[in-house]
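Down below is the structure, laid out as structure tokens.
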Amino acid sequence: MSHMSYDPKTADLLSFNRAVPAFRDGGDTPRAFLERCLATIDAREPEVQAFVALNIEGARRAADDATARYRAGRPLSCVDGMPVAIKDVFDTEDMATGYGSPIFAGHRPEWDAASVFWLRRGGALILGKTVTTEFAFGTPGPTRNPWDTTRTPGGSSSGTAAAIGASMVPVGTGSQVRGSVMRPASFCGTYALKPSHGAINTMGGFPSPASLNHLGVLGGTLTDVWRTAHYISNSAGGDPGYRSLGGTPELPAARKPARLIRLDTAGWAETDAATRAAFDGCVRAIADAGVEILTRRDAPEIEALESQLAGLTPVMMAVLTWEGRYPLALYAARHPGKLGTAVAERVAASGKMTPDDYARALDFMAELKRLYAAVEGRADGCIALTGTGAAPVGMAVGNPVYGDVSSALGAPAFNMPMLAIEDMPLGVQVIGRHGGDFVLAAVAHWLVHVMIRRVSPGKD
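Per our numbering, numbering through the sequence shown is continuous, rising by one, with the last residue being 469.
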């Protein structure tokens with residue numbers, strides 16, 4: 010087992026964006042970049058176990074094609090030549106897609122998910138499929154935290170977060186219903202965008218509960234995350250009925266927020282003392298930099314929002330249980346005894362729910378969004394923890410409570426690996442308004458610069 014102490018001011022993960030200028034002037038090539046990734050995979054994968062499948066030869070062929078395009082001065086897109094890890098809930102035509110379940114062992118789709126298809130068309134190297142929990146919420150896979158392999162990487166985008174945290178790849182995809190993009194990013198020290206609901210096409214893979222499901226992007230740098238997310242969203246489109254991400258493909262220049270709303274949420278009561286103290290210190294530092302911090306004590310509208318958030322967890326469970334009845338009930342009927350405990354329990358719970366139960370949960374969600382709309386105009390965003398503490402020892406995937414907020418609201422959220430607890434990464438998140446991902450990216454950029462001080466404003 011290995012352990013490396015995490016320091017947010019010195020941790021330096023792999024960046025594709027930093028390599029692109031050298032691709033253009035001939036000082037480096039996508040093929041050489043890929044080979045460095047493969048060398049890291051050879052060194053770290055035996056312990057970290059982030060991947061369920063690799064297509065090395067296919068990635069090498071794609072890297073050679075990208076190298077030729079850069080030499081000719083004609084790259085296809087901002088992701089041309091970029092090695093990407095795909096969470097194993099999204100279909101790939103050249104690798105098995107198992108959804109984390111033994112029921113689908115060896116399952117070979119005949120096509121790519123929308124996000125994968127457009128990544129390929131842009132020249133990205135679809136290097137491998139990453140470990141997920143069973144159907145993106147059940148039994149954990151074998152993946153370990155790259156900073157301490159006795160600890161969990163989180164779930165369910167566990168393999169993607171671990172692969173990026175170990176600098177095996179610069180970028181990967183994840184999905185989130187509760188905290189499955191943000192929490193693994195927090196535990197593994199990566200950046201992440203859980204976008205506005207519907208802003209990135211989720212079609213082609215396991216159908217997670219539709220009203221809560223988001224395709225997210227994790228990466229070693231904020232620039233890589235934004236560029237990749239923007240490319241997928243504006244190529245594959247959003248989910249039907251939703252706009253693509255706005256703004257430009259380039260990460261916006263850092264923008265200092267005038268004020269931020271601190272949200273404790275239901276997670277604060279479940280957060281350990283050391284993590285509380287670290288977050289308090291982080292918020293004080295932001296205030297010292299000239300940002301006004303509003304809390305529940307400053308406005309009745311914020312208190313009302315916090316009070317509603319205190320009851321969110323059981324409502325989230327009700328919504329995802331009802332919306333997940335199909336296909337999980339079908340799998341249970343067709344493959345009795347082959348579902349893990351968490352999946353089987355959810356199938357049983359869904360059988361006890363009624364349409365009225367779901368309707369009441371939807372009413373709660375609608376009121377939550379109304380209360381959020383009443384406060385979001387008061388500030389440039391909300392700030393909160395991403396996790397209740399450092400990644401737990403063992404394979405329990407950790408508490409998703411802080412991820413519930415942005416998923417329930419459908420609001421964009423960025424994880425920024427700005428804290429260290431027990432020598433392990435811990436993220437802070439900023440949450441914006443639906444459709445305001447680009448504006449929120451500028452705020453996230455400023456926070457990273459001020460709190461970590463490893464990048465300059467306007468650059469990653």
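Glycine included, C-beta positions come from ideal geometry on N, C-alpha and C.
Segment limits, alpha helix (DSSP H) that includes residue i
i	result
residue 458	446–461
residue 325	321–332
residue 200	First-last for residue 200: 200–203, but that is the beta strand (DSSP E), not the alpha helix (DSSP H).
residue 29	29–34
residue 296	282–297
residue 416	413–418
residue 371	364–385
residue 354	350–361
residue 193	191–197
residue 42	39–57
residue 318	309–318
Beta-carbon proximity list for residue i, same chain, < 7 Å, skipping 5 on both sides
i	result
residue 240	86, 87, 88, 131 and 258
residue 63	136 and 137
residue 26	230, 232, 233, 236 and 469
residue 110	143 and 144
residue 157	12 and 433
Option nearest residue i by Cα separation, candidates the options
i	options	result
residue 206	158, 222, 11 and 409	222
residue 336	39, 108 and 64	108
residue 55	216, 152 and 429	152
residue 450	116, 254 and 297	254
residue 397	287, 263 and 312	287
residue 420	180, 434, 426 and 441	441
residue 266	303, 279 and 280	303
residue 114	384, 347, 415 and 401	347
residue 305	395, 319 and 363	319
Anticipated Cβ contact below 8 Å, residue i with residue j, distance rounded
i	j	result
residue 128	residue 93	6 Å
residue 165	residue 139	Not really, about 10 Å apart at Cβ, beyond 8 Å.
residue 134	residue 91	7 Å
residue 330	residue 175	About 34 Å separates the two Cβ atoms, so there is no contact after all.
residue 300	residue 171	Not really, about 33 Å apart at Cβ, beyond 8 Å.
residue 264	residue 444	Residue 264 to residue 444, Cβ: 17 Å. No contact.
residue 439	residue 390	5 Å
residue 435	residue 195	6 Å
residue 274	residue 393	6 Å
Status (buried if at least 16 other CB within 10 Å, exposed otherwise) for residue i
i	result
residue 155	buried
residue 120	exposed
residue 345	exposed
residue 343	exposed
residue 76	buried
residue 100	buried
residue 283	exposed
residue 405	exposed
residue 12	exposed
residue 17	buried
residue 314	buried
residue 325	buried
residue 181	buried
Sequence-distant residues of its chain with Cβ nearer than 6 Å to residue i (five each side left out)
i	result
residue 22	176 and 229
residue 214	98, 99, 100 and 122
residue 465	Confidence at residue 465 is low in this model, with a pLDDT of 42, below 50, so the placement of that residue should be treated as unreliable; the coordinate-derived value is given next. Closer than 6 Å at Cβ, skipping near neighbours: no residue.
Enclosing beta strand (DSSP E) for residue i [first to last residue]
i	result
residue 424	422–430
residue 184	180–185
residue 60	60–63
residue 111	Run containing residue 111: none; DSSP gives neither H nor E here.
residue 223	223–228
residue 136	134–139
Residue i at chain B interface by Cβ criterion, 9 Å
i	result
residue 72	No chain B appears in this structure, which consists of one protein chain only.
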